[in-house]
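The number in our numbering is simply the position in the sequence shown, starting from 1, with 14 added.
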Amino acid sequence: MAQLWGGRFTKETDKLVYAFNASILFDRKLYRQDIRGSKVHADMLSKQGIITEEDNALIQKGLDSILADIENGNISITEEYEDIHSFVEANLIKRIGDAGKKLHTGRSRNDQVALDMRMYAREEVAETRAQVYKLLETLMAIMEKNIDTYMPGFTHLQKAQPVTLAHHVGAYFEMFKRDLLRLDDIYDRMNYCPLGAGALAGTTYPLDREYTAKELGFFGPTLNSMDSVSDRDYLIEFLSAASIIMMHLSRFCEEMIIWNSNEYRYIEIDDAYSTGSSIMPQKKNPDIAELIRGKTGRVYGALTSLLTTMKGIPLAYDKDMQEDKEPVFDAVDTVKGCLSLFNGMISTVKFNREIMAISAMNGFTNATDAADYLVLKGVPFRDAHGITGKLVLYCIDKDKSIDELSLDELRSICPEFDEDIYDCISLKTCVEKRITQGAPGRDAMNNTIRINKEFLSKNRKDNV
Ligand code: ARG
Numbered sequence: 015m016a017q018l019w020g021g022r023f024t025k026e027t028d029k030l031v032y033a034f035n036a037s038i039l040f041d042r043k044l045y046r047q048d049i050r051g052s053k054v055h056a057d058m059l060s061k062q063g064i065i066t067e068e069d070n071a072l073i074q075k076g077l078d079s080i081l082a083d084i085e086n087g088n089i090s091i092t093e094e095y096e097d098i099h100s101f102v103e104a105n106l107i108k109r110i111g112d113a114g115k116k117l118h119t120g121r122s123r124n125d126q127v128a129l130d131m132r133m134y135a136r137e138e139v140a141e142t143r144a145q146v147y148k149l150l151e152t153l154m155a156i157m158e159k160n161i162d163t164y165m166p167g168f169t170h171l172q173k174a175q176p177v178t179l180a181h182h183v184g185a186y187f188e189m190f191k192r193d194l195l196r197l198d199d200i201y202d203r204m205n206y207c208p209l210g211a212g213a214l215a216g217t218t219y220p221l222d223r224e225y226t227a228k229e230l231g232f233f234g235p236t237l238n239s240m241d242s243v244s245d246r247d248y249l250i251e252f253l254s255a256a257s258i259i260m261m262h263l264s265r266f267c268e269e270m271i272i273w274n275s276n277e278y279r280y281i282e283i284d285d286a287y288s289t290g291s292s293i294m295p296q297k298k299n300p301d302i303a304e305l306i307r308g309k310t311g312r313v314y315g316a317l318t319s320l321l322t323t324m325k326g327i328p329l330a331y332d333k334d335m336q337e338d339k340e341p342v343f344d345a346v347d348t349v350k351g352c353l354s355l356f357n358g359m360i361s362t363v364k365f366n367r368e369i370m371a372i373s374a375m376n377g378f379t380n381a382t383d384a385a386d387y388l389v390l391k392g393v394p395f396r397d398a399h400g401i402t403g404k405l406v407l408y409c410i411d412k413d414k415s416i417d418e419l420s421l422d423e424l425r426s427i428c429p430e431f432d433e434d435i436y437d438c439i440s441l442k443t444c445v446e447k448r449i450t451q452g453a454p455g456r457d458a459m460n461n462t463i464r465i466n467k468e469f470l471s472k473n474r475k476d477n478v
């Protein structure tokens, strides 16, 4: 047991207490951020004349060697230390002696952990964003290829009106576009540096917080030291954004599972993204889509967990906050993993265009268009709606679709029908006529695609 705070104590910590209190087994994930923050802190201490340049040089070398040894596997971060901060500091002192004892001047683990978590979150927001961007590119490619791929649009999972695959996928494009913007937004709000807040009330040393903030790539220092050590809003925002991304992925997965089913057969998920059954040789299961749908609950769980942890904590730092790490780490790995697998799955899926079109033709998806036709002939919409309803009943009875009825049959229900009805309710016309902005008609869709391609080029980032 190696602790930083033995002085005031006359007894050893109980072993169970030590283990209960320790966070090393999960916060060791933050070693890079911890070392980077410490290096900049030491540079600043030396620049401000709080420690000597010689001591700083030793600290820099010592920290570099610790980082290298961790990354080469020469040292492992074990339970011997309470947390990652103690691990780094104790190792530094082991390597460079007394100079190492000066690193923690003007700093507390409270602002240190706040810094580490922000740096971690900031990197992960950027990585998640890059994954969302990649998915948007994949969806755009599918949209561009499928402007004329007709399929039924659904409400209540009942066939409603015909749309196109481009239009359906385009709905998800909009969702993930909002996700991307949400991540950008929370990045901008979280990118302020808590280092220098001390335990809660700043320090009496002349720290240069502007310097450390800038060196660490932040927009600037945070403005209230109590808030700095007790704020976990940025993690809650990240978990909210992650939960919304998962909700979108989960809906899409649910549709892929339905579309991939023996009854629908709109798509075939690639062998590489399907799994078999141990007993039923014929099976090809959409396990990946199901798992993504399932893991959504886990990310929501992380959000609920942290919200609940934070809700009763008095200012400023309390140890409850250590409970932020495991759910956040898990949720971040989960959302990134799911985005990457989903992207692989959707970019290799086979769309059965013909089956989709046939499905759009059955199920009276053109009934609204038949009613609209009558309206153009002067029938009031409410009457046209009733007439078309009767038409559908007649079709069900005869086991035919509306366009399979003869003109005589149509006229027996309403004399306003003419030869031009057939063109008017063809699948192609039903889609093409939908020309309002945001609709599936070819011109409208091309316009949307153009706008969204501009969005993609404007929002490309180097890390993609
Ligand atoms: N392991 C702690 C955490 O994750 C680090 C901060 C500890 N501060 C303290 N005063 N005990 O929150």
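Don't be surprised by glycine CBs; every beta carbon is placed ideally from N, CA and C.
| Check | Outcome |
| --- | --- |
| Alpha-carbon to alpha-carbon, LEU470 and VAL478 | Any reading at VAL478 must be qualified, since the residue scores a pLDDT of 45, below 50, and its modelled position is unreliable; the value itself is stated next. Approximately 11 Å, taken between the alpha carbons. |
| Chain-order list of residues whose beta-carbon lies under 8 Å from that of GLU468 (same chain, five-residue window excluded) | none |
| Opposing strand residues paired with GLY234 [DSSP bridges] | TYR206 |
| Assigned secondary structure, MET375 (DSSP; H/G/I helix, E/B strand, else coil) | helix |
| Simplified DSSP assignment, three categories, for THR462 | helix |
| Rounded C-alpha distance that separates ASP83 from ILE89 | 6 Å |
| Touch test, the segment 349–362 against the segment 402–422, Cβ-Cβ under 8 Å, three pairs minimum | no |
| Validate contact between the segment 197–205 and the segment 169–185 using beta carbons, cut 8 Å, 3 pairs | no |
| Contacting residues, own chain, Cβ-Cβ under 6 Å from PHE40 (five flanking each side not counted) | LYS339, GLU340 |
| Nearest to LYS191 (by Cα), restricted to the options ALA144, HIS170, LEU209, GLU158 | ALA144 |
| Endpoints, alpha helix (DSSP H) assigned at THR322 | 301–324 |
| Rounded C-alpha distance that separates MET459 from PHE187 | 13 Å |
| The segment 203–214 contacting the segment 228–235, beta-carbon criterion three pairs below 8 Å | yes |
| Distance CB(LYS43)-CB(TYR134) smaller than 9 Å | yes |
| Short Cβ contact (9 Å threshold) for GLU158 with ILE463 | yes |
| Cα-Cα separation, ASN105 to MET270 | 51 Å |
| Delimiting residues of the alpha helix (DSSP H) encompassing VAL127 | 123–159 |
| Own chain residues within Cβ distance below 7 Å of ILE369, not counting five before or after | ARG279, TYR280 |
| Counted within 10 angstroms of its Cβ, other Cβ atoms place LEU321 as buried (16 or more) or exposed | exposed |
| Helix, strand or coil at PHE168 according to DSSP, with G and I counted as helix | strand |
| Close-in-space but distant-in-sequence residues of the same chain around THR443 (CB under 8 Å, 5 per side omitted) | ASP383, ASP437 |
| Nearest-angstrom beta carbon gap, TYR248 and ARG132 [assumed within contact, 8 Å] | 7 Å |
| Length of the line joining the Cα atoms of GLY315 and VAL127 | 23 Å |
| Contact check, ASN466 vs MET189, beta carbons under 9 Å | no |
| Boundaries (first-last residue) of the alpha helix (DSSP H) holding GLN47 | 45–61 |
| Own chain residues within Cβ distance below 6 Å of ALA36, not counting five before or after | GLU96 |
| Limits of the alpha helix (DSSP H) - the one that ILE102 falls within | Inspection of the sequence shows that residue 102 is occupied by Val rather than by Ile. Element bounds for VAL102: 98–110. |
| Exposed unless 16 or more other CB atoms sit within 10 angstroms - verdict on SER239 | buried |
| Start-to-end residues for the alpha helix (DSSP H) that takes in MET240 | 239–244 |
| Outcome for GLU138 when other beta-carbon atoms lying within 10 angstroms are tallied against a minimum of 16 | buried |
| Residue of LEU18, LEU81, LYS115 minimising C-alpha distance to SER100 | LEU18 |
| Alpha-carbon spacing of VAL313 relative to ILE272, whole angstroms | 23 Å |
| Residues bridged to THR497 (per DSSP) | The question about residue 497 has no answer here: the residues shown for the chain are numbered 15 through 478. |
| beta-carbon TYR248 near ligand 1 non-hydrogen atom, thresh 8 Å | no |
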